[in-house]
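If you count by this note's numbering, then the sequence shown holds residues 595 to 892, one letter each, in order.
Even glycine gets a Cβ: it sits at the ideal position worked out from N, Cα and C.
Heads up: the structure comes next, in structure tokens.
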Amino acid sequence: MNAAPDILCIGSVLWDIIGRSPVAMRLGSDVPGRITRLPGGVAMNIAMTLARFGMRPALLSVVGRDPAGEELTAACARLGLITDHLYRSDDLPTDQYTAIEGANGLIAAIADAHSLEVAGDRILRPLSDGSLGAPGAPWEGLIALDGNLTTRLLADIAASPLFSMADLRVAPASPGKADRLSVLMTHPRATLYVNLEEAGILARRSFRDASEAAHALLERGAARVLVTNGGKECAEGTRGGGVIADSPPPVLVTRVTGAGDTFMAAHIAAERQGAGRSAALSLALQAAATYVSGEIGA
């Protein structure tokens, strides 16, 4: 692809294997449902949504040269994503994620992102070799960064001059990896996208609602945060600008994997198109609600 990207999506690009059932499930449930395999990963989900909003995302990640990787790269290209800057490994297998969802939400999931962790800073070479940036001439645009990267690599990114001019949009891959974002908490150019549980992990306390969490994260030094809370009120807080809140429209939830990534991407796209704080939050909540209702194809 020859088009220049208008945002870089850095993090996990893998295959999602999702089993969904229309009935409520518990430990040990054995129920009928559907199993799908589709391109996924936090960086990938964000990129796919950005492409639907007319943006040109480039992926920075690792994808193996195994059959799964060849198929995944071709799928990315068909979706309009720039794959020129992927690190293609001969030795590392393509990562994958498996989840089980019932009518009562996510039951369990396992993320196998070992290749991304092993690849480390090799996925960032385009930011220093002149492809997308170089020492003394860092990337100055948007970057969506996900928490599947190791704590060490995230710490390096937080201190790196290669990211000093970027508009960093950061999301944890899951509550289990939320603490990795602590190294980016006080980054002056970072916007953190977290859910209520992840906000509590970062702040090391629990919160009643998203607005309380947003205030607390700002007090801990965050420049900007967005805190979601499922179908309940969500909040956006900006240092010096206070906290605003809005609620998503009520919908019938048919899927949950990827909802947070869709919210983040829709918010980025709305701001890219010139929407103000309130409008961008509202548009992002609408996009996420449409996604979980199943009205947008996976």
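Determine whether the beta carbon atoms of residue i and residue j lie at a separation below 9 angstroms.
i, j, result
"Ser-709", "Gly-658", "yes"
"Ala-863", "Leu-644", "yes"
"Gly-770", "Thr-744", "no"
"Ile-601", "Pro-651", "yes"
"Gly-635", "Ala-707", "yes"
"Ala-816", "Ile-604", "no"
"Trp-733", "Leu-721", "yes"
"Arg-818", "Ala-784", "yes"
"Asp-740", "Ala-637", "yes"
"Pro-844", "Gly-825", "yes"
Is it right to say residue i is buried, meaning 16 or more other beta carbons lie within 10 angstroms of its own, or is it exposed?
i, result
"Arg-746", "exposed"
"Met-595", "Per-residue confidence for Met-595 stands at a pLDDT of 46, beneath the threshold of 50, marking its modelled position as unreliable; the derived number appears in the next sentence. Its Cβ having fewer than 16 others within 10 Å, Met-595 is exposed."
"Ala-808", "buried"
Roughly how many angstroms lie between the CA atoms of residue i and residue j, to the nearest whole one?
i, j, result
"Ile-612", "Gly-730", "43 angstroms"
"Ala-829", "Ile-838", "6 angstroms"
"Glu-695", "Gly-724", "43 angstroms"
"Phe-757", "Arg-774", "18 angstroms"
"Thr-630", "Asp-610", "8 angstroms"
"Ser-768", "Leu-700", "12 angstroms"
"Leu-811", "Pro-661", "43 angstroms"
"Leu-686", "Ala-804", "39 angstroms"
"Leu-875", "Asp-840", "7 angstroms"
"Arg-682", "Ser-655", "9 angstroms"
"Leu-726", "Arg-802", "42 angstroms"
"Ala-618", "Ala-882", "22 angstroms"
"Gly-622", "Ala-702", "11 angstroms"
"Thr-641", "Arg-798", "The question names Thr, yet the displayed sequence has Ala at residue 641. When rounded, the distance between both Cα atoms is 30 angstroms."
"Glu-806", "Gly-663", "42 angstroms"
Just list the residues that DSSP pairs residue i with in beta bridges.
i, result
"Thr-564", "Coverage of the chain is limited to positions 595 through 892, which leaves residue 564 absent and any answer about it impossible."
"Thr-692", "Ile-611 and Ile-704"
"Cys-828", "Asp-840"
"Val-657", "Arg-682"
"Leu-632", "Asp-610"
"Thr-822", "Asn-789"
### Message
Threshold first: 3 residues or longer. Then list the beta strand (DSSP E) segments lying entirely within the stretch 728 to 788, N to C.
### Response
You should have 736 to 740 and 761 to 765.
### Message
For a minimum of 4 consecutive residues, which ranges assigned as the alpha helix (DSSP H) are wholly contained in the stretch 844 to 875?
### Response
Fully enclosed alpha helix (DSSP H) runs of no fewer than 4 residues occupy 853 to 866 of the stretch 844 to 875, in order along the chain.
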